[in-house]
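Here is the structure we will look at, set down as structure tokens.
4 protein chains.
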Amino acid sequence: MGLGRMPSGDKRAAMTVAELDDFLEREFPQMYVHGRIWHVLELPPHGAKLRMDYHPSQLRPGGTISGPSMMALADFALYAAVLGAIGPVGLAVTTNLSINFLRKPEPRALLADCRLLKLGKRLAVGEVCISSEGSDEPVAHVTGTYSIPPR
Amino acid sequence: MGLGRMPSGDKRAAMTVAELDDFLEREFPQMYVHGRIWHVLELPPHGAKLRMDYHPSQLRPGGTISGPSMMALADFALYAAVLGAIGPVGLAVTTNLSINFLRKPEPRALLADCRLLKLGKRLAVGEVCISSEGSDEPVAHVTGTYSIPPR
Amino acid sequence: MGLGRMPSGDKRAAMTVAELDDFLEREFPQMYVHGRIWHVLELPPHGAKLRMDYHPSQLRPGGTISGPSMMALADFALYAAVLGAIGPVGLAVTTNLSINFLRKPEPRALLADCRLLKLGKRLAVGEVCISSEGSDEPVAHVTGTYSIPPR
Amino acid sequence: MGLGRMPSGDKRAAMTVAELDDFLEREFPQMYVHGRIWHVLELPPHGAKLRMDYHPSQLRPGGTISGPSMMALADFALYAAVLGAIGPVGLAVTTNLSINFLRKPEPRALLADCRLLKLGKRLAVGEVCISSEGSDEPVAHVTGTYSIPPR
Numbered sequence: 002m003g004l005g006r007m008p009s010g011d012k013r014a015a016m017t018v019a020e021l022d023d024f025l026e027r028e029f030p031q032m033y034v035h036g037r038i039w040h041v042l043e044l045p046p047h048g049a050k051l052r053m054d055y056h057p058s059q060l061r062p063g064g065t066i067s068g069p070s071m072m073a074l075a076d077f078a079l080y081a082a083v084l085g086a087i088g089p090v091g092l093a094v095t096t097n098l099s100i101n102f103l104r105k106p107e108p109r110a111l112l113a114d115c116r117l118l119k120l121g122k123r124l125a126v127g128e129v130c131i132s133s134e135g136s137d138e139p140v141a142h143v144t145g146t147y148s149i150p151p152r
Numbered sequence: 002m003g004l005g006r007m008p009s010g011d012k013r014a015a016m017t018v019a020e021l022d023d024f025l026e027r028e029f030p031q032m033y034v035h036g037r038i039w040h041v042l043e044l045p046p047h048g049a050k051l052r053m054d055y056h057p058s059q060l061r062p063g064g065t066i067s068g069p070s071m072m073a074l075a076d077f078a079l080y081a082a083v084l085g086a087i088g089p090v091g092l093a094v095t096t097n098l099s100i101n102f103l104r105k106p107e108p109r110a111l112l113a114d115c116r117l118l119k120l121g122k123r124l125a126v127g128e129v130c131i132s133s134e135g136s137d138e139p140v141a142h143v144t145g146t147y148s149i150p151p152r
Numbered sequence: 002m003g004l005g006r007m008p009s010g011d012k013r014a015a016m017t018v019a020e021l022d023d024f025l026e027r028e029f030p031q032m033y034v035h036g037r038i039w040h041v042l043e044l045p046p047h048g049a050k051l052r053m054d055y056h057p058s059q060l061r062p063g064g065t066i067s068g069p070s071m072m073a074l075a076d077f078a079l080y081a082a083v084l085g086a087i088g089p090v091g092l093a094v095t096t097n098l099s100i101n102f103l104r105k106p107e108p109r110a111l112l113a114d115c116r117l118l119k120l121g122k123r124l125a126v127g128e129v130c131i132s133s134e135g136s137d138e139p140v141a142h143v144t145g146t147y148s149i150p151p152r
Numbered sequence: 002m003g004l005g006r007m008p009s010g011d012k013r014a015a016m017t018v019a020e021l022d023d024f025l026e027r028e029f030p031q032m033y034v035h036g037r038i039w040h041v042l043e044l045p046p047h048g049a050k051l052r053m054d055y056h057p058s059q060l061r062p063g064g065t066i067s068g069p070s071m072m073a074l075a076d077f078a079l080y081a082a083v084l085g086a087i088g089p090v091g092l093a094v095t096t097n098l099s100i101n102f103l104r105k106p107e108p109r110a111l112l113a114d115c116r117l118l119k120l121g122k123r124l125a126v127g128e129v130c131i132s133s134e135g136s137d138e139p140v141a142h143v144t145g146t147y148s149i150p151p152r
């Protein structure tokens, strides 16, 4: 799908996977209280793929992973995609996030596949598909909006 | 993307495009007060592609198509995908619809590409990408939930 | 509920009900193809109350009012609340709208009660409760975001 | 606001505040890894008021509380309101949650005020206003849907 408004020459990521991984771990230490469970896997043009390792603190009754864990993963994936596209802007903030829970995820690592639907001057909008590692059925689908500070 | 829970042999559409087109025109005559502007183009497994012809009543200041017209198209596409998958159930109702407006559409026909993310016994969840005919940039992205009556 | 960021002396409406009614009818003639069915009833501080008269084109199977009609009403109410607060800015655009359908409305006039949850420089966020005239049970609940052009 | 479909005599809470507090701590031990930070304050008819104590793990750059912490609070408040209305059903699951972030919360306790907009046989829909303790400006607004298992 085309993403308009952006000249095609501008589609390289503004950060490498390693730069982004470092930036996130440095800027968001509280996300790593349970260890290094967040991993940026790939930064395709206007997108991001992440993995969240399984940690028992995510567990809920019935042996499933908590909704807020999935929301945190989706929010992180959207942020990674925005940073990957425009570079490290610490003050970009989520303004809206909407999640549909589709299936109960087993206690395993979750993968997030995010792509930006719009990357404007003031707002970025993206969607995230979350699935369990080793399965291609989505367990949750998320759309979110980031407000980008004036540059 | 896999759609799980459904045996692969069950992925044929429960209605043909022509049957669905007829059903919608017969059951929703008020949708056609401006003529036959709604067209089911295709019923891929667990999805639906529709076209909404342009009609001047959709116009808004700045020469763009109104938000409610896009919401109506998305809702219709979700309904078409549900009917295509499970057959004509007149009482399936939308319980939630969330739309992100991405770009201003020009006064042209709009295409809706819907796929179901989940088709459970009680709820169906889907997403819809709306674009202007002749362009592949999305103008709006929608997620919605339908409640399916007991069968 | 407080609405912060705005000095209390700034809470008078920027337009009167009559000015707003005129502005909407002049700027959005296509909304009035079925007659003058939209009415701004009141502009409380950072809010708006509207009525949408019943018109047969809104009808759906089962004698209920269509979802897109309710979405149009909610979008109009949010826009009215934004204009009432900041004055006539034709270019404010909806960026996101999320609706929960709660009960099937009877074929009667619908009332929309909108209040802004945030009125920032760039974004306004509001919620809308929709009910049938003569009842106080909500038939739909909506949240939406407007992007406000630089002033 | 009326909440329909429910005889008015049925508006007493199905659980007391103490019973619900105990149930949550027993069933969701992972929510309490940072101590007993979740408190049900009140169970008004078809609603729930909760407090989430501040804990440094919630902190984000700029001295604000993380989005996922607010989402967890909203989800918990919706669940508490559903349980308060229908009694302890461990298998009620969130199907959809949509959050608008309105202002950056300071590092203080957050209050959640939830009311159910609909309590049907199969679905419950509610909204949650989140504010910082000692302030009446909302920092986030949430709507969510719970699927209720057959009883």
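Protein chains in written order, with the numbering used here: chain A, 2 to 152; chain B, 2 to 152; chain C, 2 to 152; chain D, 2 to 152.
Ideal Cβ positions, reconstructed from N, Cα and C, are used throughout, including at glycine.
What you are looking at is a predicted structure, and each value in this text was computed from that prediction instead of being measured.
- Got a sec? Which residues, its chain only, sit under 7 Å from Leu42 (chain C) by beta carbon, not counting five neighbours each side? Lys50, Leu51, Arg52
- Message: Using a Cβ-Cβ cutoff of 7 Å, what residues of the region 110 to 127 of chain C are near chain A? List them in chain order.
- Response: Arg123, Leu124
- Query: Looking at the structure shown, is Glu138 (chain C) part of a helix, part of a strand, or coil, going by DSSP?
  - Reply: coil
- Taking C-alpha atoms, which residue in C:Glu28, C:Arg123, C:Val143 lies nearest to Leu60 (chain B)? Measuring from the Cα of Leu60 (chain B), the nearest candidate turns out to be C:Glu28.
- Query: Should Thr17 (chain B) be labelled buried (16 or more other beta-carbon atoms within 10 Å of its own) or exposed?
  - Reply: exposed
- Give a yes or no on whether the C-beta atoms belonging to Gly64 (chain D) and Glu134 (chain D) are separated by under 9 Å. no
- chain A within 9 Å of Gly10 (chain B), Cβ atoms only: Residue confidence is low: Gly10 (chain B) scores 42 on pLDDT, short of 50, so the model does not pin down where it sits. Its coordinate-derived value is still stated next. The beta carbon of Gly10 (chain B) does not come within 9 Å of any beta carbon belonging to chain A, so the residue lies off that interface.
- Task: State the Cα-Cα distance for the pair Ala75 (chain C) and Met71 (chain A), rounded to the nearest angstrom.
- Result: 30 Å
- Item | Separation of Arg104 (chain C) from Ser132 (chain D), as counted between CA atoms | Between the alpha carbons of Ser132 (chain D) and Arg104 (chain C) lies a distance of about 29 Å.
- In the DSSP assignment, what are the bridge partners of Tyr147 (chain C)? In the DSSP secondary-structure assignment, Tyr147 (chain C) is bridged to C:Thr95, C:Ala125.
- Query: Grouping DSSP H, G and I as helix and E and B as strand, with all else coil, what is Gly36 (chain B)?
  - Reply: coil
- Task: Have a look at Arg123 (chain B) and Phe102 (chain B) and give me their C-alpha separation to the nearest angstrom.
- Result: 29 Å
- Item | 9 Å Cβ cutoff, His142 (chain D) in contact with chain C | Chain C has a Cβ within less than 9 Å of the Cβ of His142 (chain D).
- Query: Is Gly64 (chain B) near the ligand SAM, going by C-beta to nearest heavy atom under 8 Å?
  - Reply: Looking at this structure, you won't find the ligand SAM or any other ligand, since it has none at all.
- Message: Tell me the rounded alpha-carbon separation between Leu120 (chain C) and Leu84 (chain D).
- Response: 34 Å
- Using the beta-carbon of each residue, which ones in chain A are nearer than 9 Å to Pro62 (chain D)? Glu28, Phe29, Gly91, Leu92
- Query: Since Val126 (chain C) and Leu117 (chain C) are thought to touch, with beta carbons under 8 Å apart, how far apart are those beta carbons, to the nearest angstrom?
  - Reply: So it is a contact: roughly 7 Å between Cβ atoms.
- Task: Look at the alpha carbon of His47 (chain B) and the alpha carbon of Val94 (chain B), and state the distance between them as a whole number of angstroms.
- Result: 17 Å
- Task: Specify, as a first and last residue, the run of the beta strand (DSSP E) that Asp76 (chain B) falls within.
- Result: No beta strand (DSSP E) holds Asp76 (chain B); the alpha helix (DSSP H) holding it covers 68 to 87.
- Message: DSSP three-state label for Leu28 (chain A), please.
- Response: Inspection of the sequence shows that residue 28 (chain A) is occupied by Glu rather than by Leu. Note: Glu28 (chain A) maps to helix in three-state DSSP.
- Taking Cβ-Cβ distances shorter than 8 Å, what residues in chain G pair up with Thr65 (chain A)? Protein chains in the displayed structure are A, B, C and D, and chain G is not among them.
- Message: Please report whether the beta-carbon of Arg104 (chain C) lies at a distance below 9 Å from any beta-carbon of chain D.
- Response: yes
- Query: Using DSSP with H/G/I as helix, E/B as strand and the rest coil, what is Asp114 (chain B)?
  - Reply: strand
- Query: Applying a beta-carbon distance threshold of less than 8 Å, which residues of chain A neighbour Thr96 (chain D)?
  - Reply: From the beta-carbon of Thr96 (chain D), the residues of chain A found nearer than 8 Å are Asn101, Phe102.
- If you measure from the beta carbon of Thr17 (chain A) to each beta carbon in chain C, is any gap under 9 Å? no
- Message: With a threshold of 9 Å between beta-carbons, can Ser58 (chain C) be considered close to chain B, or not?
- Response: yes
- What do you get for Tyr33 (chain A), buried or exposed, if any count of 16 or more other CB atoms within 10 angstroms of its CB means buried? exposed
- Item | Neighbour-count burial assignment, Ala19 (chain A), 16 or more Cβ in a 10 Å radius | exposed
- Under a three-way DSSP split, which group does Pro8 (chain A) fall into? Note that Pro8 (chain A) has pLDDT 37, beneath the 50 cutoff, so the model's placement of it is unreliable and the number below is only indicative. If DSSP states are grouped into helix, strand and coil, Pro8 (chain A) belongs with coil.
- Say whether chain D places a C-beta atom closer than 9 Å to the C-beta of Leu21 (chain A). no
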